[in-house]
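*Asks:*
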Amino acid sequence: MDCGVITSKSVLLAISLIFWAAGAGLAYVGSYVLNTYKTYDPIFKDQYVLLPAVIIICVAVVMFVIGLIGCCSTLRESRIGLGVFLFIILLIFIAEVSVFALGFVYRAKVKSDFREPLQQIFKKYDGKNSESHAIDYLQVELQCCGISNYTDWIGSTWYNSTGNHSIPVSCCKEEFSKNCTGQLSELQYLNTAGCANKMVFTIESVLSYAMLVVLGFAIVKFFGMLSVCVLTCKRDNGYDPLQSGVFA
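In case it helps, the working numbering puts the sequence shown at residues 1 to 248.
This is the structure in structure tokens:
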């Protein structure tokens, strides 16, 4: 068994063994992206932003199955098994490259498409409905207030309906939440930065992290495909495996 075969088998076994870990990692990333978008679900009109996360999770499920196929095919040096392994790796590689490309597209769309829906949600704020809960959660989590800044609340339906011209207490700084009433005269107790830029930064950061993970796994798949080709070519050139597999 020459060095090329040993190296190729080692690479394939290593790739097969980390498929489960890779699947778990992608499942976590996909779920994290999905949960992040669900947090802001009322703000987005379209569900296209969920597509990358759904694809990542589907790929993760397939990876668990592929890990088993890869280990068995490599150990038994099954021509059919390795062929199936190569085909599946190629499909996943294409899917991961697609997700990586979609990440760039949707990063740009998130920045350009969410501001108008966000403005509509702010207009519906009454402190009780689902839109209000989403805005309150957004302002507390991101420590922000309004769309561009806190002055977006001035003149709003909520601002005029309070009777004392206050803004939502979700604009209050966390350390002053017990004493803050949302009065503009207590500006030192309020977060004044807008939510739009912080929201874009958060979503872009999550997408960037997901894209880097997907790119890393795509590179691993590329070397896996090369190893399958090397092992198959060596066998075609006269190399005899030590043991035949049930699929050989």
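Even glycine gets a Cβ: it sits at the ideal position worked out from N, Cα and C.
Count the other C-beta atoms from every protein chain shown that fall within 10 angstroms of the C-beta of residue 96, then say buried if there are 16 or more, exposed otherwise.
*Replies:* The residue is buried, with at least 16 neighbouring Cβ atoms inside 10 Å.
*Asks:* Along the chain, where does the alpha helix (DSSP H) that runs through residue 165 open and close?
*Replies:* Unbroken run through residue 165: none, as it is neither H nor E.
*Asks:* In whole angstroms, what separates the C-alpha of residue 226 from that of residue 101?
*Replies:* The alpha-carbon atoms of residue 226 and residue 101 are separated by roughly 23 Å.
*Asks:* For the segment 149-159 against the segment 114-124, do three or more pairs of beta-carbon atoms, one drawn from each stretch, fall closer than 8 Å, so that the two count as touching?
*Replies:* Flag = yes, the segment 149-159 and the segment 114-124 touch.
*Asks:* Taking residue 163 as the reference, give the member of 170, 183 and 147 with the closest Cα.
*Replies:* Measuring from the Cα of residue 163, the nearest candidate turns out to be 183.
*Asks:* Can you grab the Cα-Cα spacing for the pair residue 242 / residue 83, in whole Å?
*Replies:* Any answer about residue 242 is weak, because its pLDDT of 45 lies below 50 and its placement is not dependable; what the coordinates show is given next. Each residue's alpha carbon lies about 19 Å from the other.
*Asks:* Rounded to whole angstroms, what is the Cα-Cα separation between residue 141 and residue 14?
*Replies:* One C-alpha to the other measures close to 41 Å.
*Asks:* Using the C-alpha atoms, what's the distance from residue 98 back to residue 21?
*Replies:* Distance between the alpha carbons of residue 21 and residue 98: 21 Å.
*Asks:* Which residues in the same chain have their Cβ closer than 7 Å to the Cβ of residue 90, if we skip the five residues on either side of it in sequence?
*Replies:* Around residue 90: 225.
*Asks:* How would you write the range of the alpha helix (DSSP H) that residue 130 sits in, first residue to last?
*Replies:* Note, residue 130: alpha helix (DSSP H), 130-142.
*Asks:* Find out if the Cβ-Cβ distance for the pair residue 189, residue 195 is shorter than 7 Å.
*Replies:* No, the pair does not count as a contact, with Cβ atoms beyond the cut-off.
*Asks:* Measuring CB to CB, does residue 65 end up less than 7 Å from residue 206?
*Replies:* Not in contact: residue 65 and residue 206 (Cβ atoms no closer than 7 Å).
*Asks:* Considering Cα atoms alone, identify which of 30, 200 and 78 is closest to residue 59.
*Replies:* Here the closest residue by C-alpha is 30.
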